[in-house]
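There are 2 protein chains.
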Amino acid sequence: MPHAVSPLAPTSLAELPEIAGLRIATAEAGIKYRNRTDLMMMVFDAGTTVAGVFTRSKCPSAPVDFCRANLAGGKARALVVNSGNANAFTGQRGREATAMTAEVAAKAAACAPSEIFLASTGVIGEPLDAGRFSHLLDGLAKAAEGDRWRAAAEAIMTTDTYPKVATRTVEIAGVAVTINGIAKGAGMIAPDMATMLSFLATDAPIAATALQAMLRQAVEPSFNSVTVDSDTSTSDTLLLFATGAASGRGAPAIEDAGDPRLEGFRAALGDLLLDLARQVARDGEGARKEIQVTVEGAASDQAAKRIALSIANSPLVKTAVAGEDANWGRVVMAVGKAGEEADRDRLAIHFGEIRVAVDGERDPDYSEAAASEVMRRAEIPIRVELGLGTGRWTVYSCDLTKEYVAINGDYRS
Amino acid sequence: MPHAVSPLAPTSLAELPEIAGLRIATAEAGIKYRNRTDLMMMVFDAGTTVAGVFTRSKCPSAPVDFCRANLAGGKARALVVNSGNANAFTGQRGREATAMTAEVAAKAAACAPSEIFLASTGVIGEPLDAGRFSHLLDGLAKAAEGDRWRAAAEAIMTTDTYPKVATRTVEIAGVAVTINGIAKGAGMIAPDMATMLSFLATDAPIAATALQAMLRQAVEPSFNSVTVDSDTSTSDTLLLFATGAASGRGAPAIEDAGDPRLEGFRAALGDLLLDLARQVARDGEGARKEIQVTVEGAASDQAAKRIALSIANSPLVKTAVAGEDANWGRVVMAVGKAGEEADRDRLAIHFGEIRVAVDGERDPDYSEAAASEVMRRAEIPIRVELGLGTGRWTVYSCDLTKEYVAINGDYRS
Numbered sequence: 327m328p329h330a331v332s333p334l335a336p337t338s339l340a341e342l343p344e345i346a347g348l349r350i351a352t353a354e355a356g357i358k359y360r361n362r363t364d365l366m367m368m369v370f371d372a373g374t375t376v377a378g379v380f381t382r383s384k385c386p387s388a389p390v391d392f393c394r395a396n397l398a399g400g401k402a403r404a405l406v407v408n409s410g411n412a413n414a415f416t417g418q419r420g421r422e423a424t425a426m427t428a429e430v431a432a433k434a435a436a437c438a439p440s441e442i443f444l445a446s447t448g449v450i451g452e453p454l455d456a457g458r459f460s461h462l463l464d465g466l467a468k469a470a471e472g473d474r475w476r477a478a479a480e481a482i483m484t485t486d487t488y489p490k491v492a493t494r495t496v497e498i499a500g501v502a503v504t505i506n507g508i509a510k511g512a513g514m515i516a517p518d519m520a521t522m523l524s525f526l527a528t529d530a531p532i533a534a535t536a537l538q539a540m541l542r543q544a545v546e547p548s549f550n551s552v553t554v555d556s557d558t559s560t561s562d563t564l565l566l567f568a569t570g571a572a573s574g575r576g577a578p579a580i581e582d583a584g585d586p587r588l589e590g591f592r593a594a595l596g597d598l599l600l601d602l603a604r605q606v607a608r609d610g611e612g613a614r615k616e617i618q619v620t621v622e623g624a625a626s627d628q629a630a631k632r633i634a635l636s637i638a639n640s641p642l643v644k645t646a647v648a649g650e651d652a653n654w655g656r657v658v659m660a661v662g663k664a665g666e667e668a669d670r671d672r673l674a675i676h677f678g679e680i681r682v683a684v685d686g687e688r689d690p691d692y693s694e695a696a697a698s699e700v701m702r703r704a705e706i707p708i709r710v711e712l713g714l715g716t717g718r719w720t721v722y723s724c725d726l727t728k729e730y731v732a733i734n735g736d737y738r739s
Numbered sequence: 327m328p329h330a331v332s333p334l335a336p337t338s339l340a341e342l343p344e345i346a347g348l349r350i351a352t353a354e355a356g357i358k359y360r361n362r363t364d365l366m367m368m369v370f371d372a373g374t375t376v377a378g379v380f381t382r383s384k385c386p387s388a389p390v391d392f393c394r395a396n397l398a399g400g401k402a403r404a405l406v407v408n409s410g411n412a413n414a415f416t417g418q419r420g421r422e423a424t425a426m427t428a429e430v431a432a433k434a435a436a437c438a439p440s441e442i443f444l445a446s447t448g449v450i451g452e453p454l455d456a457g458r459f460s461h462l463l464d465g466l467a468k469a470a471e472g473d474r475w476r477a478a479a480e481a482i483m484t485t486d487t488y489p490k491v492a493t494r495t496v497e498i499a500g501v502a503v504t505i506n507g508i509a510k511g512a513g514m515i516a517p518d519m520a521t522m523l524s525f526l527a528t529d530a531p532i533a534a535t536a537l538q539a540m541l542r543q544a545v546e547p548s549f550n551s552v553t554v555d556s557d558t559s560t561s562d563t564l565l566l567f568a569t570g571a572a573s574g575r576g577a578p579a580i581e582d583a584g585d586p587r588l589e590g591f592r593a594a595l596g597d598l599l600l601d602l603a604r605q606v607a608r609d610g611e612g613a614r615k616e617i618q619v620t621v622e623g624a625a626s627d628q629a630a631k632r633i634a635l636s637i638a639n640s641p642l643v644k645t646a647v648a649g650e651d652a653n654w655g656r657v658v659m660a661v662g663k664a665g666e667e668a669d670r671d672r673l674a675i676h677f678g679e680i681r682v683a684v685d686g687e688r689d690p691d692y693s694e695a696a697a698s699e700v701m702r703r704a705e706i707p708i709r710v711e712l713g714l715g716t717g718r719w720t721v722y723s724c725d726l727t728k729e730y731v732a733i734n735g736d737y738r739s
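Residue numbers (the numbering used here), protein chains in the order written: chain A, 327 to 739; chain B, 327 to 739.
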């Protein structure tokens, strides 16, 4: 299972500060992996609000169903996440596993099961024996500490080669508040959502409905604009918890997502989500290069996004990037198959700062050497100008290498 | 460029009989490849009708534009095909190349340029110098012979590892008629169309409008149900020529696609197209296994097709098949992401004759050993029962191997 760390990993991991109002603990439950943590519990103070977005799969996992139901209450007291088994397509036994886990977690956190949130990641279709870890939850709740963010990010990894963490600090009405986030990704990564699991928390006092509105908006240009392999997980879960502890330092309670005092928070949330989402793309299974596809001049932003995803998901574009081949003809192919309005004879394509095609044919000044120099970099920006309108979107992805095939050819067995 | 012949290649190639009313010649024009043929010309007797279907790409190649315009006339006297360069995204120079080729071919075949059909396959975006081969066309037209079908199939290959040929003989009103077909595929293979190039010819006397109606119908369950990598070429072209020579042996002229005398012909055409389409899938770049995905019990045939394509195009399903891993959970994932109606708790999944999942969870009698035995075969049938309606479709594909990445990482350079 262990694979070499992605060459696109951050050179140093961000240090995440504590968020007042929550504590974290992890454990080695031995669900599938040996000699590593695979269970994470986050315990929240009373009053913590929660927002979430989930996979659009028609076959969601049992924990996704469970979280969707509890999200309506808007309140959270604990989060329990396991790696190694997704508890997806596990039928009645899967529902029993989530119910049992929630009951034990609720006792440990002294709350109702409706205030528990669950996530599972790993193999699909194998029954999850919650008994393997439920006996650990009471101890985890007691042992939880505020400074365990890095340990939390490590416990939720599957084929990830590095933990994904990010933090931002920003002011609401002059009071500093913090947002921390962790994520895991690696494969089965496509919108919507782009990651399998991501958990954010802030000490800002924000009502659940406002939190939900902000999260739904912020996820579009970030997690919903990342793709590794066009496959969508049954388990994708992004949860944002707000403990409200900063109200003790004078932060005002915010009820409305449109409140102008949220301007900085909104920007920081979007920035942090994009940071985590790009970390996921850069740790795509087998990834050696990040691809940033920007489509401009489309009929609409949505058209630009669809064309950008068509390029970013094309196996032929992704293998060309892996081979450091400036094969812009395959970009044309991917534009053509997207199904959106495009005029072949107006297209211009840039690899990095090099314009390789213009007005529907190879750039008159095209230099194979200059284009190849761009392709040797770790980050490959591909920009397509359609010349039709003002629609614009950027999508983040990675190359398709032999390692992706190797990793996924023997993941389960 | 040369890759090992696909392990799924036919053990022996069909011998294609001559079709009266047409002659074939090939040449080494040196457009890109060395020491192999890369130019093919087919010359038809006066009275030959033609039907065609093309890529749905919004960025079609210059030859596709050219053929679409000429198809309205319904008459064909010559076909010129080159491999090594697709003449796609080549702007004004691309249009000049098709016009010049057509003019020279029309002189060679003593007809109008509107009776010429052209196809090009190979690299996109590089100008095609028609001068490299136009001087050869007159000699090809003179040298053409009826028994060169295998040579024709070889001349149009790119990364194909074997030529694709098929033939059927059937009766129209008691008179035997023949349909021959050749195809090339290998990569950038997804509906619609599934192949890059395929050319069929028959001696049956069938009007162009009837031919077109039959072809459009027959292509749906065959070439439009094959996918290698979900990428759609700018050059996909399928042409069907009918010389009508069998009328000399008493075959009646058919004007209407609904004519009951076409029943056998229609079936044979569909059968031949599926044969060629499966040959394309079995020679998908790097392919070592054929995947046959059947979805049953869908809300409609179209829903079944979309779900089957979602499974067949999933990189995670395709790499699992490459790794001989009976990872049916990824099939569930691909059903879930297809966007069509599905009820997780009614799903049943079969690998070959082994039912691996039923009623939304692993089959109670599931045997890893039995499922693994199926995965070791060269042909992997995956069958999904949705339990919702009567919609049904089958899609043909292949596995995703490291060789696909290797082939496409250095195709152009």
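Every residue, glycine too, gets a C-beta built ideally from N, C-alpha and C.
Cβ-based neighbour list, residue i, same chain, cut-off 8 Å, excluding 5 preceding and 5 following
i, result
"B/Thr-374", "Gly-347, Leu-348, Lys-401, Ala-402, Arg-403, Phe-567, Ala-568, Thr-569, Gly-570"
"A/Gly-356", "Asp-364, Arg-458"
"B/Pro-641", "Leu-726"
"A/Arg-608", "Ser-332, Leu-334, Ala-335, Glu-616, Cys-724"
"A/Ala-536", "Ile-580, Glu-581, Asp-582, Ala-583, Asp-585, Leu-588"
"A/Arg-474", "Arg-349, Ile-350, Ala-351, Thr-352"
"A/Phe-415", "Cys-385, Ser-387, Ile-450, Gly-451, Thr-560"
C-beta atoms of residue i and residue j nearer than 9 Å
i, j, result
"B/Lys-615", "B/Val-657", "no"
"A/Leu-588", "A/Ile-498", "yes"
"A/Thr-447", "A/Met-522", "yes"
"A/Ala-579", "A/Met-540", "no"
"A/Ala-613", "A/Tyr-730", "yes"
"B/Asn-411", "B/Glu-452", "yes"
"A/Asn-361", "A/Ala-388", "no"
"A/Phe-525", "A/Ala-445", "yes"
"B/Ala-664", "B/Gly-713", "no"
"B/Thr-504", "B/Pro-690", "no"
Chain-order list of residues whose beta-carbon lies under 6 Å from that of residue i (same chain, five-residue window excluded)
i, result
"B/Pro-386", "Thr-560"
"B/Thr-720", "Thr-620"
Straight-line gap, residue i to residue j (C-alpha atoms, nearest Å)
i, j, result
"A/Asp-518", "B/Thr-716", "Bear in mind that the predicted position of A/Asp-518 carries a pLDDT of just 38, short of 50, making it unreliable; the figure below should be weighed with that in mind. Taking the straight line joining both Cα atoms gives about 29 Å."
"B/Ile-637", "A/Asp-597", "34 Å"
"B/Val-621", "B/Lys-631", "7 Å"
"A/Ala-594", "A/Val-496", "7 Å"
"B/Gly-378", "B/Pro-586", "22 Å"
"B/Gly-735", "B/Thr-484", "15 Å"
"B/Leu-397", "B/Thr-563", "12 Å"
"A/Thr-493", "A/Ser-460", "30 Å"
"A/Val-390", "A/Val-552", "20 Å"
"A/Thr-424", "A/Ala-456", "8 Å"
Proximity test, residue i beta-carbon vs the ligand FAD heavy atom, cut-off 8 Å
i, result
"B/Phe-591", "No copy of the ligand FAD occurs in the structure displayed, which carries no ligand at all."
Minimum C-alpha distance to residue i - residue among the options
i, options, result
"B/Asp-725", "B/Gly-713, B/Thr-427, B/Pro-707", "B/Pro-707"
"B/Arg-476", "B/Ala-469, B/Thr-484, B/Tyr-488", "B/Tyr-488"
"A/Ile-733", "A/Thr-493, A/Ala-572, A/Gln-605, A/Gly-610", "A/Gly-610"
"A/Ser-409", "A/Met-701, A/Ala-502, A/Lys-510", "A/Lys-510"
"B/Ala-372", "B/Leu-526, B/Val-406, B/Ala-438", "B/Ala-438"
"A/Ile-350", "A/Val-684, A/Leu-405, A/Gln-538, A/Ala-660", "A/Leu-405"
"A/Asn-550", "A/Ala-481, A/Ala-634, A/Gly-500, A/Ile-532", "A/Ala-634"
Residues of its chain near residue i, where Cβ-Cβ distance is below 7 Å and the 5 sequence neighbours each way are ignored
i, result
"A/Ala-697", "Ala-652, Phe-677, Ile-680, Val-682"
"A/Val-684", "Ala-674"
> In chain order, which continuous runs of the beta strand (DSSP E) of length 3 or greater are located wholly inside the segment 584-662 of chain A?
Replying inline: With a minimum length of 3 residues, the continuous beta strand (DSSP E) runs that stay inside the segment 584-662 of chain A are 616-624.
> Which ranges does the alpha helix (DSSP H) cover as unbroken runs of at least 4 residues, wholly within the segment 437-493 of chain A, from first to last along the chain?
Replying inline: Look at the segment 437-493 of chain A and you find these whole runs of alpha helix (DSSP H), each 4 residues long or longer: 463-469, 475-481.
> Taking the runs of the beta strand (DSSP E) that are 3 residues or longer, which of them lie wholly in the segment 331-382 of chain B?
Replying inline: 348-353, 365-370, 375-380
> Fully enclosed by the segment 398-426 of chain A, which beta strand (DSSP E) runs are 3 residues long or longer?
Replying inline: 404-411
> Which ranges does the alpha helix (DSSP H) cover as unbroken runs of at least 4 residues, wholly within the segment 648-729 of chain A, from first to last along the chain?
Replying inline: 654-663, 694-701
>> Give the list of continuous alpha helix (DSSP H) stretches no shorter than 4 residues that lie fully inside the segment 521-579 of chain B.
In response: Listed in chain order, they are 534-545.
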